[in-house]
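Numbering (the numbering used here), first residue to last: 2 to 339. Don't be surprised by glycine CBs; every beta carbon is placed ideally from N, CA and C.
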Amino acid sequence: MLSVPDGPHPNPFVSLLVAAVEPDVDVRMFSWRAALLGRYDVFHVQWPESLVGWRASARAAARCLACVALAGRWRLTRTVVVRTVHNLAPHEAQRWYQRAAGRLLARAEAARIYLTASSLATADDPHGHVIKHGRYRQWFDALEVPVPPRDDPEGPDGPTVLFFGMLRPYKGVEELLAAFGHLERPARLRVLGRPHTAQYQTQIQTLAAADQRTELDLRHVPDEELWAALHRATLVVLPFREITNSGSLILALDAGVPVLVSSSPTTKELAEEVGDQWLRTYDGTLSAKVLDEALTWAATRPGPAAGPDLSSRDQRSVGREYVALYRTLLARYRKSGE
2 MLSVPDGPHP NPFVSLLVAA VEPDVDVRMF SWRAALLGRY DVFHVQWPES
52 LVGWRASARA AARCLACVAL AGRWRLTRTV VVRTVHNLAP HEAQRWYQRA
102 AGRLLARAEA ARIYLTASSL ATADDPHGHV IKHGRYRQWF DALEVPVPPR
152 DDPEGPDGPT VLFFGMLRPY KGVEELLAAF GHLERPARLR VLGRPHTAQY
202 QTQIQTLAAA DQRTELDLRH VPDEELWAAL HRATLVVLPF REITNSGSLI
252 LALDAGVPVL VSSSPTTKEL AEEVGDQWLR TYDGTLSAKV LDEALTWAAT
302 RPGPAAGPDL SSRDQRSVGR EYVALYRTLL ARYRKSGE
């Protein structure tokens, strides 16, 4: 049994992974009852924050106490624990009890899966393995969403810049709003996603109100609407202040949209994979000049209309790598227990 913690909305990353490893692995989604009382061989953690709590609260403290019991159960039953490293450190501050519970869970991990070679190199983790982030095309093709034409970058409203995903401070949305506000050419900016906190939502709304060319849609945008928005966009901009991995980046490329993203070992590695006609990086703080140059690049790039080659991220191949790792770890644990 593979137990996979997930968020409040179905995450295509998890859903596609589950489909990719079945039927070789009997997969069951996480619940505390199953985690503490159920029978399973492998426990796969995607986001440890979902176990210790995303925000400091009495509920999070109770979860952390449950994590102590969970770690004890893993030790007694010799459960193989695997974690996918989506980020090298939590993006938001945690209380001491969350950090302590996180360290306790981490000590039980038999292996950690990094989504890029550069992130594994940064972590220098002897228990690390690299399995690429799978592509999303299969998920969105199944929705059968009619693909709208791209917004005309030469039209009176100019090209469309898109940012999407949960709005959190580390993603640099404020920098994008400021840079776009100083952009002198005709253009539109769409920001799609639910803010992490009410306070952050107010901050984003205040900044966006200064430019009538900016459209905010501050909710969890359904997949069908997101896929349509991607196909209308001229350029996706992801001005993350820190980036170990980005599902948004892979999704934008899979939709055939060029991307401007802050420079990091991860984004440089991906740029080498897909080519500079699809991915453009910048150093430092995003500026109107960088944004203007990227819009010109996106409108004139010679890349194929079908999008970059992401065949190495095919979900079936990714699934086979996960299953092989599970089996290797299980065989090792069983042999050591003889």
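Q.
On the criterion of 16 or more Cβ atoms from any shown chain inside 10 Å, does Glu50 qualify as buried, or is it exposed?
A. Around the beta-carbon of Glu50, 16 or more other beta-carbon atoms lie within 10 Å, marking it buried.
Q) Skipping 5 residues on each side, what residues in its chain have a beta carbon closer than 6 angstroms to that of Trp228? A) Excluding residues within five positions, the ones whose Cβ falls inside 6 angstroms are Phe141, Val146.
(Q) Alpha carbons only, please: which of Arg214, Trp33, Tyr137 is nearest the one belonging to Ser312? (A) Closest by alpha carbon: Tyr137.
Q. Helix, strand or coil: which one does DSSP assign to Arg189?
A. It is a strand residue.
Q. If you compare alpha carbons, which of Glu110, Val43, Gln202, Leu287 is closest to Val324?
A. Shortest Cα-Cα distance from Val324 to any of Glu110, Val43, Gln202, Leu287 involves Val43.
Q. Got a sec? Which residues, its chain only, sit under 6 angstroms from Gly248 by beta carbon, not counting five neighbours each side?
A. The residues are Phe14.
Q | Delimiting residues of the alpha helix (DSSP H) encompassing Thr268 | A | Counting along the chain, Thr268 sits inside the alpha helix (DSSP H) bounded by residues 266-275.
Q.
Do Thr282 and Thr301 have their beta-carbon atoms positioned less than 8 angstroms apart in this structure?
A. No, they are not a contact pair.
Q) What residues in its chain sit with their C-beta under 8 angstroms from that of Ala118, if we drop five residues either side in the sequence? A) Only Val131, Glu270 meet the Cβ criterion.
Q: For the alpha helix (DSSP H) holding Asp224, just list the boundary residues, first then last.
A: According to the DSSP assignment, Asp224 belongs to the alpha helix (DSSP H) that extends over 224-233.
(Q) Since Phe241 and Ser263 should fall inside the 8 angstroms C-beta cutoff, what is the C-beta to C-beta distance between them, to a whole number of angstroms? (A) Ser263 and Phe241 do touch by the CB rule: their CB atoms are close to 5 angstroms apart, below 8 angstroms.
Q) From what residue to what residue does the beta strand (DSSP E) around Leu311 run? A) Run containing Leu311: none; DSSP gives neither H nor E here.
**Q.** Cβ neighbours of Met2 in the same chain (closer than 6 angstroms, five flanking residues each side left out)
**A.** Unreliable placement is indicated for Met2, whose pLDDT of 47 sits below 50; no coordinate value is reported for it.
Q. Is the number of C-beta pairs between the segment 211-229 and the segment 271-279 that are closer than 8 angstroms three or more?
A. Per the Cβ contact rule, the segment 211-229 is not in contact with the segment 271-279 (fewer than 3 Cβ pairs under 8 angstroms).
Q.
I need the straight-line Cα distance from Asp25 to Ser318, nearest angstrom please.
A. Spanning the two alpha carbons is a distance of roughly 13 angstroms.
Q. Considering only residues of the same chain and omitting the five flanking positions on each side of Val258, which have a CB-CB separation below 6 angstroms?
A. For Val258, where only same-chain residues beyond five positions count, the Cβ hits under 6 angstroms are Leu231, Ala234, Val237.
Q) Between Arg84 and Arg186, what straight-line distance do the alpha-carbon atoms span, to the nearest angstrom? A) Between the C-alpha atoms of Arg84 and Arg186 there is a straight-line separation of about 45 angstroms.
Q: Specify whether the segment 153-171 and the segment 115-129 touch according to this definition: at least 3 beta carbon pairs, one from each stretch, less than 8 angstroms apart.
A: No contact exists between the segment 153-171 and the segment 115-129.
Q: Please report the Cβ distance between Gly320 and Leu18, rounded to the nearest whole angstrom; I am assuming they are in contact, meaning their Cβ atoms lie under 8 angstroms.
A: Between the beta-carbon of Gly320 and that of Leu18 there is about 7 angstroms, and that keeps the pair under the 8 angstroms contact cut.
Q: Identify every run of the beta strand (DSSP E) within the segment 79-110, keeping only runs that are complete inside it and at least 3 residues long; order them along the chain.
A: Runs found: 81-86.
Q) DSSP on Arg281, reduced to helix/strand/coil? A) Strand, per DSSP.
Q) Cα separation between Gln316 and Thr329? A) Approximately 20 angstroms between the Cα atoms of the pair.
(Q) So, for Ile244: in the same chain, excluding its five sequence neighbours on each side, which residues have a beta-carbon less than 6 angstroms away from its beta-carbon? (A) The residues are Ser265, Thr267.
Q) Closer than 8 angstroms, CB to CB, is Phe44 near chain C or not? A) Among the chains in the structure shown there is no chain C, since it carries only a single protein chain.
Q) How many whole angstroms separate the CB atoms of Leu254 and Leu239, which I take to be in contact at a CB cut-off of 8 angstroms? A) Contact flag wrong, Cβ pair sits at about 11 angstroms.
Q) By Cβ distance below 8 angstroms, which residues in the same chain neighbour Leu326 in space, the five residues on each side in sequence not counted? A) The residues are Val83, Ala112, Ile114, His130, Ile132.
Q: Report all residues from its chain with a CB closer than 6 angstroms to the CB of Phe181; omit the five preceding and five following residues, and keep chain order.
A: Non-local beta-carbon contacts of Phe181 in its own chain, meaning distances under 6 angstroms to residues more than five positions away in sequence, involve Leu190 in chain order.
Q | Between the CA atoms of Ala109 and Leu217 - distance to the nearest angstrom | A | Using only the alpha carbons, I get a separation of about 42 angstroms.
Q | Rounded distance between the beta-carbons of Val162 and Val174, thought under 8 angstroms | A | 12 angstroms between Cβ atoms; not a contact.
Q) DSSP three-state call for Val237: helix, strand or coil? A) Under the three-state reduction of DSSP output, Val237 falls in the strand class.
**Q.** Selection from Val22, Cys68, Ser58 that minimises the alpha carbon distance to Ser32
**A.** Out of Val22, Cys68, Ser58, Cys68 has the C-alpha closest to the C-alpha of Ser32.
Q: Could you check if Gly73 is buried or exposed, using at least 16 other CB atoms within 10 Å of its CB as the buried criterion?
A: Result: exposed.
Q.
Going by beta-carbon coordinates alone, are Val46 and Leu38 separated by less than 8 angstroms?
A. No; because the gap between Cβ atoms is not below 8 angstroms, this pair is not in contact.
Q. Buried or exposed: Pro223, going by 16 or more other Cβ atoms within 10 Å of its Cβ?
A. Exposed, by the Cβ-count rule.
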